[in-house]
Amino acid sequence: MNKYRSHNCNELRKKDIDLKVSLSGWVNKKRDHGNLLFIDLRDNYGITQCIIDKENTNFSLLEKIQLETVIKVTGRVVDRSDETVNREIETGEIEISIENFEVLGSCIELPMPIFSDQEYSEEIRLKYRFLDLRRKKIHENIILRSKVISFIRHEMNNLGFLEFQTPILTSSSPEGARDFLVPSRLNPGKFYALPQAPQQFKQLIMVSGFDKYFQIAPCFRDEDARADRSPGEFYQLDMEMSFVEQEDVFEIVEKLLLKTFKKFSKKRLMFDRFPRIPYSESLLKYGNDKPDLRNPLIIQDITEIFTREDVSFEIFKKLVKSGSKVRCIVTKNTKNKPRSFFDNIDKWAKEQGASGLAYFTIEKDKQLSGKGPIGKFFSHQSLEALIDLTQAKIGDSIFLACAKERELERITSLARDKIAKDLDLIDENAFAFCWVVDYPMFKKDEETQIIEFSHNPFSMPQGNPDKIDFNKPLDILAYQYDIVCNGIELSSGAIRNHVPELMYKLFSIAGYDKKQVDEKFSGMINALSYGAPPHGGIAPGIDRIVMLLADEKNIREVTMFPMNQNAQDLMMNAPSKIDERQLKELNLILKSKK
RNA sequence: GGGGGUGUAGCUCAGUUGGUUAGAGCGAUCGCCUGUCACGCGAUAGGUCGAGGGUUCGAGUCCCUUCACUCCCGCCA
């Protein structure tokens, strides 16, 4: 028999009445009636009410016990009368009549209450994460995370994938985010980098002939935090397959994600198959490459309207002449919305750094007319043309913005979210997945005008390699794809380029000569020359998947021991100073910061 | 690196136009209470109003600087 307990705190039921039991757990709550004391004892599994009265010699000791003390109680399971049954907890039909108890772990005064639905500052939660994790919601989130990971692992095994570990101490790569570096004692002046993803290793695994690989892989990127992005480290379901095309990857991942989301969430799945949206279309219609398809609003380009003679909205016309574009969002049947609705959105847009969002509503008396501040600038013929172009109906409103393409995408993307929220158009009880496909291989840095890889340098360009026009690098598309769910980027993947000559060619466009490629990616480029299979893969973000399933807005709610926004672990005091001896061993000298 | 928000008791928060000794709930301590499940009742302790400077007869409140936390932009192949 176990020294500490015969049952856990969510085990005893009516059938156990009269049984002599022992339970161990935390004192969740006390209710002291002076001569009668109730103690809610809590463990990982649940809560059991324990009771003791003044007749028992232990009464006065238990009366004084601090909340969150860990105790073992022994006693008999007793029935509760009908009036005193607690339907809120699973053990609510019984209680333990305490005969004896023992303190297993005492507790000093708490910095934050455990038994409470109050919200606390992140600072205190992260500093005392071990207390925070005792609280119901986050405790359940972490359990959910464990179950999701184990389900995925099981599914991947069934699909014939093999799980491998890849090195954590590896080499720095010139592309991508900033690396976390680890100085090498045995190689003075040289550094390891923590992997931003096991990208090269998983490709090497394919070259090694293992066919299907996966890993719940830690990834390290030294980038600033966001609500959906932990600083430092996160986990990906990293996977790679040999002898596959884009379609094969889609087939596997779609099924896996749908199965996972069906199993772990009650929310509706909007699509049985993920819609596929080309990158360029996504930028136009949604203003970004992570569209929230729960939002029915679509952005449309109406620049041509502003070249018409019978449109007299001179500010926009002038901007259009100098290369700006005009895009709009049509809202259905909003003619009766109060003026404040429109003005709030315009005001909001100005706060976002835009010049504002112009708007008018299409009305028809005898003729079409635009109602609203700028409605008068449009002739009825121009409104007809606008209706043709946008499929807007009478009674709909049009929000428009005019700017250079990049800025226009930014503001219309934000406006699309904002307007949908104001009109309550987003179904919070749904998951809307999609693929964003056909990413360009290269992009031009706005400031430096230098051509660089837009996504992943190891992606295979689309089309016959012999026919690709390398003189127009910005037109080259890649077999590169993302999965987006509810506006959150969940995964990124690609069919890889396994042809060394093609790789050199593409790297040369991004400014790396053969020697640099050989140096920086020696392991991989070398391997590709020794018989590499065509291969591809993807890497869904585990933390974000769990975040969506747990219906949380912040990734720290599904991360056991997260760092704060400044990438500090307030509980472990990381990062921390190191002593001179260690620095010396590592051949490091610290430069004092002024 | 930049912008927004927040910072008052251990925790969550209130604090009016600048005006007496800065309040509440929870928690803590002490007392009362035998059926609660957010138990109830009474009392006590607990404050560098994030820090520094300024304006003022007087600052939690106004101004400047700064720090911490957070959200966002940049960044995230």
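The opening position of the first sequence corresponds to residue 942 in this note's numbering, with each subsequent residue numbered one higher. Cβ atoms here follow ideal geometry from the backbone N, Cα and C, with glycine treated the same way. Just so we're clear, the structure is a prediction, and the values are computed from it rather than from any experiment.
Per DSSP, Ala-1299 is one residue of the beta strand (DSSP E) stretching across 1299 to 1305. Counting only runs that start and end inside the segment 1029 to 1114, the alpha helix (DSSP H) elements of at least 4 residues fall at 1063 to 1068, 1070 to 1073, 1077 to 1099. For Thr-1201, the enclosing alpha helix (DSSP H) covers residues 1187 to 1205.
Residue pairing of Tyr-1220 in beta bridges, as defined by DSSP: absent, with no partner found. Under DSSP, Met-1147 shares a beta bridge with no residue.
Asp-1386 counts as exposed, since fewer than 16 other C-beta atoms from the protein chains shown sit within 10 angstroms of its C-beta. In the DSSP annotation of this structure, the continuous segment of the beta strand (DSSP E) that includes Gly-966 starts and ends at 961 to 973. If the five residues before and after Thr-1201 are omitted, its C-beta is found closer than 6 Å to no C-beta atom of its own chain.
In the three-state scheme derived from DSSP, where H, G and I count as helix and E and B as strand, Thr-1015 is classed as strand. CA-to-CA, the gap between Lys-1266 and Lys-1258 works out to about 9 Å.
Between the alpha carbons of Leu-1074 and Asn-985 lies a distance of about 11 Å.
Nearest Cα to Pro-1475 within the set Ile-1093, Ile-1109, Lys-1143, Ser-1062: Lys-1143. Leu-1298 has its alpha-carbon roughly 13 Å from the corresponding atom of Glu-1348.
Note on Leu-1178: 16 or more other CB atoms within 10 angstroms of its CB, so buried under the neighbour-count rule.
In this structure, the beta-carbon distance from Val-1425 to Pro-1219 does not fall below 9 Å. Taking the CA atoms as reference points, Leu-982 sits about 5 Å from Ile-988. Beta bridge pairing from DSSP links Gly-1173 with Arg-1162.
When DSSP states are grouped into helix, strand and coil, Gly-1336 belongs to the coil group. With a cutoff of 9 Å on beta-carbon distance, Arg-972 and Leu-978 are scored as near each other. DSSP places Ile-1479 inside the beta strand (DSSP E), whose first and last residues are 1476 to 1479. Closest option to Glu-1430, judged by alpha-carbon separation, among Arg-1167, Ile-1391, Gly-966: Arg-1167.
Under the DSSP assignment, Arg-1357 falls in the alpha helix (DSSP H) whose first and last residues are 1346 to 1363. Look at the beta carbons and you see the segment 1356 to 1370 touching the segment 1220 to 1238: at least three pairs across the two are nearer than 8 Å. Excluding five sequence positions before and after Val-1271, the CB atoms of its chain that fall closer than 6 Å to its own CB belong to Thr-1331, Ala-1333, Asp-1337, Ile-1339, given in chain order.
A residue is called buried when at least 16 other Cβ atoms come within 10 angstroms of its Cβ; Ile-1360 meets this threshold and is buried.
Going by beta carbons, Leu-1072 and Leu-1051 fall inside the 9 Å limit. Contact annotation: the segment 1501 to 1508 does not touch the segment 1103 to 1116, with fewer than three C-beta pairs closer than 8 Å. One thing to note: Pro-1054 has its Cβ within 9 Å of the Cβ of Leu-1008. In the DSSP assignment, Lys-1455 falls within the unbroken alpha helix (DSSP H) covering 1455 to 1461. Taken through DSSP and simplified to helix, strand or coil, Pro-1139 comes out as coil. The beta carbon of Ala-1491 sits closer than 6 Å to those of Asn-1082, Leu-1085, Val-1499, all from its chain and outside the five residues before and after it, given in chain order.
Taking the CA atoms as reference points, Lys-1525 sits about 54 Å from Thr-1353.
Contact check for Phe-1161 and Phe-1121: beta-carbon distance about 5 Å, within the 8 Å limit, so the pair qualifies. When the five nearest sequence neighbours on each side are left out, the beta carbons in the same chain lying within less than 6 Å of the beta carbon of Arg-1217 are those of Trp-1376, Val-1378, in order along the chain. For Val-1252, the beta-bridge partners assigned by DSSP are Phe-1319. Looking at the backbone, the Cα of Cys-1048 and that of Leu-1210 are separated by about 45 Å.
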